[in-house]
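Before any comments, here is the structure.
2 protein chains.
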Amino acid sequence: MAMGNIAERRMQPPQVGVSVVILALGPEDADADAGDAHSGTKLWIPLVRRVRQPYLDCWALPGGGLRADRSLEQCAYRALETTTDLHPDYLEQLYTFGGPGRSRGGLPMISIVYWAMIGHAAAGDFTDGDNVRWFPEDALPRLAFDHRRIIDYALWRMRNKIEYSDIATRLVGETFTLRQLRRVYEAVSGEPIDAANFRRRMLASGQLEDTGDKLREGRHRPAAVYRYTPQRQRHDIPFEPDDGGETDAPDHGERSPLEEAMAVLMPSALP
Amino acid sequence: MAMGNIAERRMQPPQVGVSVVILALGPEDADADAGDAHSGTKLWIPLVRRVRQPYLDCWALPGGGLRADRSLEQCAYRALETTTDLHPDYLEQLYTFGGPGRSRGGLPMISIVYWAMIGHAAAGDFTDGDNVRWFPEDALPRLAFDHRRIIDYALWRMRNKIEYSDIATRLVGETFTLRQLRRVYEAVSGEPIDAANFRRRMLASGQLEDTGDKLREGRHRPAAVYRYTPQRQRHDIPFEPDDGGETDAPDHGERSPLEEAMAVLMPSALP
DNA sequence: ACAAAAGTGTTAATAATACACCCATGT
DNA sequence: ACATGGGTGTATTATTAACACTTTTGT
């Protein structure tokens, strides 16, 4: 049997990268001209255009390499920042993809995928750069590699996790109206939600604090503005899974103010 | 600034390995001699003794390297098999750990951690080998690296996920009594559960099928034996996140019958 | 006045909980 | 008979859902 170089190829250390699926709530979607009952708002995802082979000119998830002196989360944050100039409000590890199906010419490729959310994305923020463009979740272009599958997984996870965690609050700004929060749930589930019951359910959680402000969004009655104030949950995570622990790596090097800020950013979310 | 070799060290490809946290339901725990009300059954975890530095003679999670021609899941399965000779009934990716805190002498180390469950672990299965030993979750030995943190994370995730998924069924055999299933919930939550209500809740899910058999476990009335028959859930995952997709890696090589079997093993579980 | 969304009330249906009680079995 | 858990009944209390209705604003 020809085991020689094949076995060696099998064992060589894989390439490892980090990719990010970023989600934001799309604009109000005024095109209710079609009779589609639940057209509503959708989730939008920014993608970057590939400038090399393979998949030249296809769209792909923003990503980058790892650095030994940064946490995985920091790497994801930086990859996102440098490729799209976006600064997420929330970042969390999603899944690690690997396996022979992802090899490029025999080089095993592993992607540690994070997902990120941007809350302050009002209509204006969807201005596209040359090589970055926002797409609605239901009208994605042809994607490079297995990135379509990754996005599908992220959206599937979103639909599940929104039911038992507080991620929805990551897709609105620091303060928000109940209408805005409800739009998140509707965008994720794809179905309209009873406003009255939604209000009660949210307020009953005891995690929304009335700021006292009012916000007028249309030509009608202004809505109360709330702030999310997380309480200790039944089974809150007692620590961050990422990073932490003692290091014996000597070189820490400089740390940018941005990185310092990041340490504060990352919350203790539910799984 | 001395950027030269430091910058290079930072960029070099990290070491990647796979580790597995395996869980099984412990024995009935007849030591109710202590007045501890909820002593009950506990989760047990097998660990392997390290035979090298660092952390020589400490205990560690079973693990191994990656191979380019296998999926991450297969690598985890094999790592578990070769180090502990255990064959899990269920295997799922848990989290990927990285960051500077895990570096060994400047070499960045990434661990893709899976968790596994063994359902058929009746009392006898906890026979320890020379370098493998089972520990109850609340009496773990000193662990190597950050493996203690990884186990804590796994247990935390377990406590959460058991509330909205069917993982509990992975910790009992293919068929089981309601008492056995309840013991899983009690072991995970650490609290006693009302048997009457538990029964109704489980049967109401419509996912337990009465096999018609009865099982006598003590000197009292025998219990009905059930089988878990998963139904389509609200938000079932439409595909496997792991692997899949077209490959352009030419060398597939031989595939053992065991690996074939694995393709069937892996279910479409909730997140 | 009217439209449109904010916000409240009411009721029915459903699910979770506590706990009393009968049933089947081995000793 | 009795101890032990299997299994059923039932009343109570949340939680959810459906939808009518009132309130506040701009036009």
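Top to bottom, those sequences are chains A and B. full-length UniProt numbering numbers the first residue of the first sequence as 1 and each following residue consecutively. full-length UniProt numbering numbers the first residue of the second sequence as 1 and each following residue consecutively. Even glycine gets a Cβ: it sits at the ideal position worked out from N, Cα and C.
Residue i at chain A interface by Cβ criterion, 8 Å
| i | result |
| --- | --- |
| B/P141 | no |
| B/Q15 | yes |
| B/D242 | yes |
| B/Q53 | no |
| B/D128 | no |
| B/D248 | Per-residue confidence for B/D248 stands at a pLDDT of 41, beneath the threshold of 50, marking its modelled position as unreliable; the derived number appears in the next sentence. Judged by the 8 Å Cβ criterion, B/D248 is in contact with chain A. |
| B/Y114 | no |
| B/A68 | yes |
| B/P192 | no |
| B/I110 | yes |
| B/H120 | no |
Neighbourhood of residue i by C-beta distance below 7 Å, restricted to the same chain and skipping five residues each side
| i | result |
| --- | --- |
| residue 272 of chain B | A query on residue 272 of chain B cannot be resolved here, the shown segment of chain B reaching from 1 to 271 and no further. |
| A/R216 | P222 |
| B/P100 | none |
Beta carbon of residue i nearer than 8 Å to that of residue j
| i | j | result |
| --- | --- | --- |
| B/G173 | B/G119 | yes |
| B/G63 | B/R78 | no |
| A/P136 | A/L86 | no |
| A/L66 | A/C75 | yes |
| A/M117 | A/R159 | no |
| B/D236 | B/E73 | no |
| A/A68 | B/S103 | yes |
Other residues of its chain near residue i: CB distance less than 8 Å, five sequence neighbours each side excluded
| i | result |
| --- | --- |
| B/Y185 | I162, A168, I193 and F198 |
| A/T247 | Per-residue confidence for A/T247 stands at a pLDDT of 43, beneath the threshold of 50, marking its modelled position as unreliable; no derived number is given. |
| B/G98 | P14, P108, M109, I110 and S111 |
| A/T41 | L25, G26, P27, E28, D29, R183, E186 and A187 |
| B/C58 | R49, R50, P141, R142, L143 and A144 |
First through last residue of the beta strand (DSSP E) which encompasses residue i
| i | result |
| --- | --- |
| A/R49 | L43 to R49 |
| A/A223 | A223 to Y228 |
| A/Q15 | Q15 to L25 |
| A/L94 | Y90 to F97 |
| B/R133 | V132 to P136 |
Length of the line joining the Cα atoms of residue i and residue j
| i | j | result |
| --- | --- | --- |
| A/T83 | B/L94 | 28 Å |
| B/R219 | B/V20 | 38 Å |
| B/E260 | B/W115 | With a pLDDT of only 43 at B/E260, under the threshold of 50, the placement of this residue in the model should not be trusted, and no figure is reported. |
| A/L43 | A/L23 | 6 Å |
| B/P141 | B/N131 | 14 Å |
| A/V113 | A/A154 | 9 Å |
| B/F126 | B/E81 | 15 Å |
| B/G212 | B/R201 | 20 Å |
| A/S205 | B/Y164 | 18 Å |
| B/T177 | B/D128 | 27 Å |
| B/G17 | B/R133 | 22 Å |
| B/Y90 | A/R179 | 42 Å |
| A/R148 | B/T96 | 21 Å |
| B/D138 | A/E240 | 20 Å |
| B/P92 | B/W156 | Strictly speaking, residue 92 of chain B in this sequence is Glu, with Pro absent from that position. The alpha-carbon atoms of B/E92 and B/W156 are separated by roughly 15 Å. |
Any chain B beta carbon closer than 8 Å to residue i
| i | result |
| --- | --- |
| A/S103 | yes |
| A/Q93 | yes |
| residue 349 of chain A | In the structure as shown, chain A begins at 1 and stops at 271. Residue 349 of chain A is therefore absent and cannot be evaluated. |
| A/T82 | no |
| A/W156 | yes |
| A/L72 | yes |
| A/I237 | yes |
Unbroken alpha helix (DSSP H) run spanning residue i, endpoints
| i | result |
| --- | --- |
| B/T82 | L72 to T84 |
| B/D152 | H147 to K161 |
| A/S189 | L178 to S189 |
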